[in-house]
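Below you'll find the structure, written out as structure tokens, and then a few comments.
In our numbering, the protein residues as written are 382 to 751.
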């Protein structure tokens with residue numbers, strides 16, 4: 382109302398410039414009434430929008446939720462999910478919910494802590510019936526006693542200010558944090574270890590993880606030993622790429638230049654089965670796009686947030702909710718739909734289609750980057 386008061390004062394004085402024409406009393410009254418009416422309309426519009434948001438929040442609440450506290454909880458959950466799914470900054474995402482940046486930070490922090498507290502068991506090493514299902518799925522692919530696939534992915538971040546930037550500068554010349562993930566053939570996350578700087582190699586990350594110590598202590602692979610086709614006895618193992626060390630519980634490709642037919646067939650089967658972890662990364666980052674591109678983050682809370690989206694991924698898989706593959710595509714400035722390549726520093730040049738303005742059809746164009 383202070384702005385309206387200044388306008389009214391100016392009108393009563395007569396004009397903004399000295400010596401300017403003065404309004405008559407009738408004209409001043411008409412302008413003042415118009416300004417007051419405009420301000421009242423704006424206020425009423427804001428109130429109407431607030432009531433609409435409240436009704437929407439109420440409609441989205443579970444039937445058992447009642448009271449103002451439940452509304453605040455729903456708002457916090459919506460803000461956290463929107464932040465992770467949209468990859469928008471706090472300044473932008475909080476505007477969509479009519480809250481400030483500080484409130485958005487608190488909402489994400491509280492929801493992260495709540496999900497870790499209530500659903501941490503959703504990311505766990507399989508046991509019992511679940512273990513039997515996982516082993517059977519890999520056995521059908523030709524890998525007896527296999528418990529999962531392991532690989533690392535990089536979470537790209539802006540240059541950190543509260544840590545040594547050179548530690549986070551990876552081999553692709555970007556700042557990142559490493560996340561080590563184990564998945565099954567259903568793309569469910571069985572184990573996640575995240576937080577080390579992007580300059581760390583996969584071998585160092587696994588040596589620092591609890592997965593390595595638990596495997597060495599015999600806590601993970603406890604089944605009866607089986608004889609693999611290449612005459613190796615094992616109680617259980619993971620499929621990994623050549624970036625990982627050879628061990629009794631990790632099977633990597635032969636990778637030789639001159640391979641025998643058996644080695645070539647094995648490497649092809651191993652690569653096909655191990656592709657589950659790459660598909661899991663695609664689903665994880667495509668659905669929770671905050672972790673797809675580079676973003677500004679708090680280094681202390683990033684690991685917890687990544688674990689939470691792994692939990693949410695498993696919940697969605699258990700619920701049978703399908704993944705929309707279109708989430709891995711986006712339209713660039715030239716109106717080309719380009720597919721994200723996970724772990725790359727730029728958009729790929731393998732396949733793109735030109736979107737026709739105002740039409741649903743599209744022209745497919747394949748090209749290769751040089």
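Backbone N, C-alpha and C define an ideal beta-carbon position, used for all residues, glycine too.
Since we're looking at a predicted model, the values are computed, not measured.
If you drop the 5 nearest sequence neighbours on each side, which residues of the same chain put their C-beta closer than 6 Å to that of residue i?
i, result
"residue 602", "616, 617 and 630"
"residue 665", "694"
"residue 705", "none"
"residue 581", "559"
Looking only at DSSP bridge pairs, what is residue i linked to?
i, result
"residue 577", "559"
"residue 570", "564"
"residue 608", "614"
"residue 620", "530 and 632"
"residue 625", "Residue 625 pairs with nothing; no bridge assigned."
"residue 676", "538"
Rounded to the nearest angstrom, what separates residue i and residue j at their Cα positions?
i, j, result
"residue 658", "residue 562", "8 Å"
"residue 555", "residue 533", "16 Å"
"residue 645", "residue 652", "11 Å"
"residue 497", "residue 552", "32 Å"
"residue 470", "residue 538", "13 Å"
"residue 609", "residue 514", "19 Å"
"residue 421", "residue 411", "15 Å"
"residue 407", "residue 423", "25 Å"
"residue 596", "residue 506", "12 Å"
"residue 510", "residue 691", "21 Å"
"residue 702", "residue 484", "30 Å"
"residue 655", "residue 490", "34 Å"
"residue 614", "residue 680", "42 Å"
"residue 462", "residue 576", "21 Å"
"residue 418", "residue 501", "54 Å"
"residue 499", "residue 519", "30 Å"
"residue 550", "residue 535", "11 Å"
"residue 634", "residue 587", "18 Å"
"residue 663", "residue 508", "26 Å"
"residue 607", "residue 527", "10 Å"
"residue 540", "residue 684", "17 Å"
"residue 604", "residue 459", "43 Å"
Is it buried or exposed, residue i, if we count other Cβ atoms within 10 angstroms and call 16 or more buried?
i, result
"residue 592", "buried"
"residue 641", "exposed"
"residue 768", "This structure gives no information on residue 768, because the portion of the chain shown stretches from 382 to 751."
"residue 699", "exposed"
"residue 585", "exposed"
"residue 637", "exposed"
"residue 755", "Since the first residue of the chain shown is 382 and the last is 751, residue 755 is not available in this structure."
"residue 623", "exposed"
"residue 590", "buried"
"residue 643", "exposed"
Can you list, in chain order, the residues of its chain whose CB lies under 7 Å from that of residue i, leaving out five sequence neighbours each side?
i, result
"residue 725", "With a pLDDT of only 44 at residue 725, under 50, the local geometry of the prediction cannot be trusted, and the value read off the model is given with reservation. Around residue 725: no qualifying Cβ."
"residue 674", "468 and 537"
"residue 544", "680"
Among the options, which has the Cα closest to the Cα of residue i?
i, options, result
"residue 504", "648, 684, 423 and 688", "688"
"residue 752", "558, 499 and 575", "Residue coverage of the chain in this structure runs from 382 to 751, which leaves residue 752 outside it and unanswerable."
"residue 566", "490, 584, 521 and 685", "521"
"residue 669", "453, 418, 459 and 467", "467"
"residue 457", "639, 487 and 580", "487"
"residue 632", "524, 568, 673 and 482", "524"
"residue 686", "573, 544, 519 and 621", "573"
"residue 661", "482, 516, 459 and 560", "560"
"residue 579", "605, 546, 517 and 624", "546"
"residue 569", "697, 413 and 415", "697"
"residue 464", "678, 671, 682 and 683", "671"
"residue 529", "571, 548 and 639", "571"
"residue 619", "648, 639, 405 and 531", "531"
"residue 455", "495, 598, 482 and 599", "495"
Residue i: beta carbon under 7 Å from a heavy atom of the ligand COA?
i, result
"residue 406", "As presented, the structure is devoid of all ligands, the ligand COA included, so that no description of it is given."
Does any CB atom of chain D fall closer than 8 Å to the CB of residue i?
i, result
"residue 503", "Included in the structure is just one protein chain, with no chain D present."
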